[in-house]
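Taking it in order: structure first as structure tokens, then the write-up.
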Amino acid sequence: AAAVAEASRADRERYLSSGLRPVNCRFCHVTVNVRRPGPGHTAVQWTTEASQRCAYFAEIRCSGGDPARTRSCPKLGDSIEHAVAEGYLDASPDED
Numbered sequence: 605a606a607a608v609a610e611a612s613r614a615d616r617e618r619y620l621s622s623g624l625r626p627v628n629c630r631f632c633h634v635t636v637n638v639r640r641p642g643p644g645h646t647a648v649q650w651t652t653e654a655s656q657r658c659a660y661f662a663e664i665r666c667s668g669g670d671p672a673r674t675r676s677c678p679k680l681g682d683s684i685e686h687a688v689a690e691g692y693l694d695a696s697p698d699e700d
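Residue numbers are given in my numbering: position 71 of the sequence shown equals residue 675, and the series is strictly consecutive.
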């Protein structure tokens with residue numbers, strides 16, 4: 605049972621973090637983890653600290669909104685595209 609639990613934990617960790625790269629927002633300097641699973645798809649993992657420090661999300665909160673209902677931060681999107689252009693993130697993963 606312990607071996608199955610450990611294998612399940614390892615699979616979960618691999619699924620949640622495989623291929624993620626830290627990307628720093630060039631506007632407010634928060635760091636999120638990003639993966640580009642394919643053309644037109646970007647997975648972003650926000651930490652609680654990053655979502656609290658994001659300047660765009662702070663503006664939404666100040667105006668009475670809920671950033672959880674926001675698709676993403678456009679400034680971070682620009683930073684992700686910059687990371688792709690610089691070759692730090694793959695535009696799409698290698699196909700096997």
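Just so you know, even glycine gets a beta-carbon here, dropped at the ideal spot from N, CA and C.
What residue does the beta strand (DSSP E) around residue i start on, and which one ends it?
i: residue 687; result: First-last for residue 687: 678 to 689, but that is the alpha helix (DSSP H), not the beta strand (DSSP E).
i: residue 636; result: 635 to 642
Are any of the Cβ atoms in chain D nearer than 7 Å to that of residue i?
i: residue 679; result: Considering every chain present, this structure includes no chain D. It has just one protein chain.
Given that a residue counts as buried once 16 or more other Cβ atoms are within 10 Å of its Cβ, and exposed if not, what is residue i?
i: residue 640; result: buried
i: residue 687; result: buried
i: residue 608; result: exposed
For the alpha helix (DSSP H) that contains residue i, what are its first and last residues?
i: residue 659; result: 659 to 666
Compare the beta carbon distance of residue i and residue j with 7 Å and say whether it is the shorter of the two.
i: residue 636; j: residue 654; result: yes
i: residue 632; j: residue 605; result: no
i: residue 630; j: residue 683; result: yes
In this structure, does DSSP put residue i in helix, strand or coil?
i: residue 710; result: No answer is possible for residue 710: it lies beyond the span of the chain, which begins at 605 and ends at 700.
i: residue 700; result: Because the pLDDT at residue 700 is just 40, under 50, the model does not fix this residue reliably, and the point stays unresolved.
i: residue 672; result: helix
i: residue 605; result: coil
i: residue 652; result: helix
Beta carbon of residue i: closer than 6 Å to some heavy atom of the ligand ZN?
i: residue 640; result: As presented, the structure is devoid of all ligands, the ligand ZN included, so that no description of it is given.
*May I ask you to verify whether the region 609 to 628 touches the region 669 to 676, counting CB pairs closer than 8 Å and requiring at least 3?*
Between the region 609 to 628 and the region 669 to 676, the count of C-beta pairs closer than 8 Å stays below three; the two stretches do not touch.
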